[in-house]
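Quick mapping for you: the protein sequence lines, in order, are chains X and G. So in the UniProt record's numbering, the last spot in the first sequence is 329, and the numbers never skip. So in the UniProt record's numbering, the last spot in the second sequence is 329, and the numbers never skip.
Number of protein chains: 2
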Amino acid sequence: MANIQQVAKQAGVSVATVSRVLNGQNKVALKTKQKVEEAIKDLNYEPSMLGRNLRNSESRIVLILIPAISNPFYFEIIKGIENMALSQNYSILLCETDSKPEKEDIYFDLVRKKMADGIISMDPAVNVETLKELAGKYAIIQCSEYGGDIGIPYVTIDNEEASYRAVKHLIQIGHRKIALMNTDEKFLYARERKSGYQRALAEYGIPVIEDYMLYTQHLGFEQGQQAMKKILALPDRPTAVFAVSDLLAIGALKEINAAGLHVPNDMAVVGFDKIDFSNMTNPTLTTIAQPMYKMGTVAAGMLIDLIRGEQVDSVILEHELIIRESTSG
Amino acid sequence: MANIQQVAKQAGVSVATVSRVLNGQNKVALKTKQKVEEAIKDLNYEPSMLGRNLRNSESRIVLILIPAISNPFYFEIIKGIENMALSQNYSILLCETDSKPEKEDIYFDLVRKKMADGIISMDPAVNVETLKELAGKYAIIQCSEYGGDIGIPYVTIDNEEASYRAVKHLIQIGHRKIALMNTDEKFLYARERKSGYQRALAEYGIPVIEDYMLYTQHLGFEQGQQAMKKILALPDRPTAVFAVSDLLAIGALKEINAAGLHVPNDMAVVGFDKIDFSNMTNPTLTTIAQPMYKMGTVAAGMLIDLIRGEQVDSVILEHELIIRESTSG
DNA sequence: CTGAAAGCGCTAACAG
DNA sequence: CTGTTAGCGCTTTCAG
Numbered sequence: 001m002a003n004i005q006q007v008a009k010q011a012g013v014s015v016a017t018v019s020r021v022l023n024g025q026n027k028v029a030l031k032t033k034q035k036v037e038e039a040i041k042d043l044n045y046e047p048s049m050l051g052r053n054l055r056n057s058e059s060r061i062v063l064i065l066i067p068a069i070s071n072p073f074y075f076e077i078i079k080g081i082e083n084m085a086l087s088q089n090y091s092i093l094l095c096e097t098d099s100k101p102e103k104e105d106i107y108f109d110l111v112r113k114k115m116a117d118g119i120i121s122m123d124p125a126v127n128v129e130t131l132k133e134l135a136g137k138y139a140i141i142q143c144s145e146y147g148g149d150i151g152i153p154y155v156t157i158d159n160e161e162a163s164y165r166a167v168k169h170l171i172q173i174g175h176r177k178i179a180l181m182n183t184d185e186k187f188l189y190a191r192e193r194k195s196g197y198q199r200a201l202a203e204y205g206i207p208v209i210e211d212y213m214l215y216t217q218h219l220g221f222e223q224g225q226q227a228m229k230k231i232l233a234l235p236d237r238p239t240a241v242f243a244v245s246d247l248l249a250i251g252a253l254k255e256i257n258a259a260g261l262h263v264p265n266d267m268a269v270v271g272f273d274k275i276d277f278s279n280m281t282n283p284t285l286t287t288i289a290q291p292m293y294k295m296g297t298v299a300a301g302m303l304i305d306l307i308r309g310e311q312v313d314s315v316i317l318e319h320e321l322i323i324r325e326s327t328s329g
Numbered sequence: 001m002a003n004i005q006q007v008a009k010q011a012g013v014s015v016a017t018v019s020r021v022l023n024g025q026n027k028v029a030l031k032t033k034q035k036v037e038e039a040i041k042d043l044n045y046e047p048s049m050l051g052r053n054l055r056n057s058e059s060r061i062v063l064i065l066i067p068a069i070s071n072p073f074y075f076e077i078i079k080g081i082e083n084m085a086l087s088q089n090y091s092i093l094l095c096e097t098d099s100k101p102e103k104e105d106i107y108f109d110l111v112r113k114k115m116a117d118g119i120i121s122m123d124p125a126v127n128v129e130t131l132k133e134l135a136g137k138y139a140i141i142q143c144s145e146y147g148g149d150i151g152i153p154y155v156t157i158d159n160e161e162a163s164y165r166a167v168k169h170l171i172q173i174g175h176r177k178i179a180l181m182n183t184d185e186k187f188l189y190a191r192e193r194k195s196g197y198q199r200a201l202a203e204y205g206i207p208v209i210e211d212y213m214l215y216t217q218h219l220g221f222e223q224g225q226q227a228m229k230k231i232l233a234l235p236d237r238p239t240a241v242f243a244v245s246d247l248l249a250i251g252a253l254k255e256i257n258a259a260g261l262h263v264p265n266d267m268a269v270v271g272f273d274k275i276d277f278s279n280m281t282n283p284t285l286t287t288i289a290q291p292m293y294k295m296g297t298v299a300a301g302m303l304i305d306l307i308r309g310e311q312v313d314s315v316i317l318e319h320e321l322i323i324r325e326s327t328s329g
């Protein structure tokens, strides 16, 4: 566990010189440089980031806040963030908040205590007030989920438009009785997706039926099953359902199946997110693809700019409708 | 961004005293303590972990090495690790290695450079040599996947026995033609699970048929489909298959379904890991449950002991066979 | 091109 | 019970 002093001594130079060859910015005579490098090798020296970070008042760590690590929706985004971060010599701390303020706070403390240089928040249930307050002092980006224009830069897709296209697709293949499996409207994206759903119906002169709009507490498989049960029990049963998450849609699929009905003949299904499993179901799931990976790299890039003190603007990325078996017999 | 000096000045005490109330170990007069706490509040002071960590030569960060973040197998383990780590004031850095030495090395560097205090490795493809070398200088635990008794403490289950029980279950419900969907035998657990498979067959006097043992490169859904295709094409077709991962088994399920066959009547299926999705398939999947969460807490506990310089021993945890629809008509 | 020295923010002897 | 002081390991002026 050699330190920079010992290297300096061994090489017969000052610590400043060792530091210079370590960072490669300043000019060092070739001969001196070689001496130092030899000493480094001899002593098996590894520079300590603890020392460097304290000196530079940075940690080179960024936090990613997600509600649950098991949610497949985040995988590609995280990969994007990670790759961008690594390329700029940042490491990422993946923080599962369980959407609980207490856990959130543990991680917020990390940035308050300088153990993290910034935060990418993907938790829709994050405490917006705390976030706003933190954003005043620290670098923060909202990714995918965001609380609206609250002065914190975000990267996301146009949820209203995506939802509109999904529903329009269902209408165009002949459906007029279309259910919406949405989540709690306290989330902005839930409101936006509902709005897109209504716009599509309106455009084709289809009335909005309250009973066709379901709300689930979470975006999980079980919630999808339960909601589908309710839909199937409706007196004037819909012939299609648009779920605002793939997991919801997959739960619906299973329930339709269990009821002895056929997808898409008896009930067409559209999901949202294009998670890996959406391709493993039977039938495969029509869904909205978000440019996850890119969203991650963009968010990470924005955050690093913010850390550097640069000005950053919010970004809206493109999405795509992926038509698969659950809407095409 | 006040520092400890300013707090000391404001409170009219020395930095040592501030440090004492911060850490609460040493006795400080109540009155002094109150003065300090007031100053802390006044200045909105947050102690910097950068300073503290450098002084204490620790980072209070532990690394978790996993091949892919999207593998549901690891979710509960990670949760276990995280909760135990948080309770001891450690944060976890989740590192996706993609089973690539280059990426591994980026993360190994973090412990070499003192940005991490230890590693929990769950990557079966990890470079055992590098790991052994690192284990000489740093705290390292192997969790779930391990390279055998190479002197690095591990926590795992008895893979041979688990496999044995799974196959025995299939035999007991009447199967004698049982395929094994295994992965590359370079992995210890693959060899162990094969061995359990063979022991069960031997116990019932069933000959081992080479053609019934398949090997896939990865433990994914597609590999399960492909392997199942081969099994279905076998001249003397098996009536049951034991797959060493749920994802493999789920792929098999889909393929059997696509072939118009029925599970479990035409083909019984057993998986391994009890991932969440194993309960969402149709039919639900019989599988081996590992005590994931506990495995995580135990691994984290061991690692922290190791960091503290204590002696730790390897642990073998219990497993359980979960019988569901894919083996019970 | 190189060295001396200050200091990032904190903790822990040591002395009182 | 409290203050003084010496670093933890590194980077960066400032001189030379």
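By construction, the Cβ of each residue, glycine as well, lies at the ideal position given by its N, Cα and C atoms.
At a beta-carbon threshold of 8 Å, the residues of chain G lying near Glu82(X) are Glu96, ordered along the chain.
For the 8 Å CB-CB criterion, Val21(G) and Lys33(G) form a contact.
Contact annotation: the segment 244-263 of chain G does not touch the segment 48-61 of chain G, with fewer than three C-beta pairs closer than 8 Å.
DSSP places Glu320(G) in the uninterrupted beta strand (DSSP E) bounded by Glu320 to Ile322.
By the 16-neighbour rule on beta-carbons within 10 angstroms, Met1(G) is exposed. With the rule of 3 Cβ pairs closer than 8 Å, the segment 148-166 of chain G does not count as touching the segment 208-222 of chain G.
About 7 Å separates the beta carbons of Leu306(G) and Ile141(G), which is inside the 8 Å limit, making them a contact pair.
Within the segment 120-181 of chain G, the complete alpha helix (DSSP H) segments at least 4 residues long are 128-137 and 159-172, listed from N- to C-terminus. With fewer than 16 neighbouring CB atoms inside 10 Å of its own CB, Ala29(X) falls in the exposed class. From the beta-carbon of Phe221(G), the residues of chain X found nearer than 7 Å are Met280. Per DSSP, the beta bridge partners of Ile92(G) are Val62(G). Listed along chain X are Phe75 and Ile78, each with a C-beta nearer than 7 Å to that of Ile69(G). Under the three-state reduction of DSSP, Gly296(G) is assigned to helix. Taking a 10 Å sphere around the C-beta of Lys137(X), we find fewer than 16 other C-beta atoms and assign the residue as exposed. Between Lys177(X) and Gly151(X), the C-beta gap is not smaller than 8 Å, which leaves the two residues out of contact. Contact of Ile250(G) with chain X is assigned, a C-beta pair being separated by under 8 Å. Sixteen is the threshold: when 16 or more other Cβ atoms of the shown chains lie within 10 Å of the Cβ of Ala299(G), as they do, the residue is buried.
The alpha carbon of Lys100(G) has as its nearest neighbour, out of Lys230(G), Ala68(G) and Gln311(G), the alpha carbon of Ala68(G).
Interface annotation for the segment 260-288 of chain X against chain G: Asp276, Phe277, Met280 and Asn282, criterion Cβ-Cβ distance under 8 Å. At a cut-off of 8 Å between beta carbons, Gly196(G) makes no contact with chain X.
If you check the CB distance, Leu248(X) and Ala268(X) do not come in under 8 Å.
Taking a Cβ-Cβ cut-off of 8 Å, the neighbours of Arg112(X) in chain G comprise Glu46, given in sequence order. For the UniProt domain "HTH cro/C1-type" (5-46) of chain G, not one full-length beta strand (DSSP E) segment reaches 3 residues or more.
By the Cβ-count criterion, Lys186(X) is exposed, with fewer than 16 other Cβ atoms from all chains shown falling within 10 Å of its own Cβ.
Annotation: Cβ neighbours of Asn53(X) in chain G (cutoff 9 Å, chain order): Leu50, Asn53, Leu54 and Met115. Using a Cβ-Cβ cut-off of 8 Å, Pro207(X) does not count as an interface residue toward chain G, since no Cβ of chain G sits closer than that to its own.
In this structure Thr130(G) is exposed. Its beta-carbon is surrounded by fewer than 16 other beta-carbon atoms within 10 angstroms.
In terms of CA proximity to Met181(G), Asp246(G) leads the group Ala202(G), Glu203(G), Asp246(G) and Val126(G). No Cβ-Cβ contact shorter than 8 Å links Asn56(G) with Asn257(X). When CB distances to chain X are screened at a threshold of 8 Å, not a single residue of the segment 303-326 of chain G falls below it.
Pro291(G) is a Cβ neighbour of Glu318(G), given a cutoff of 8 Å. In the three-state reduction of the DSSP assignment, Ile275(X) falls in the coil class.
Residues of chain X whose Cβ lies closer than 8 Å to the Cβ of Ser328(G) do not exist; the shortest such Cβ separation is about 17 Å. With a threshold of 8 Å between beta carbons, Lys254(X) makes contact with chain G. Just so you know, the alpha carbons of Ile304(G) and Ala259(G) end up roughly 51 Å apart. Under the three-state reduction of DSSP output, Tyr215(X) falls in the strand class.
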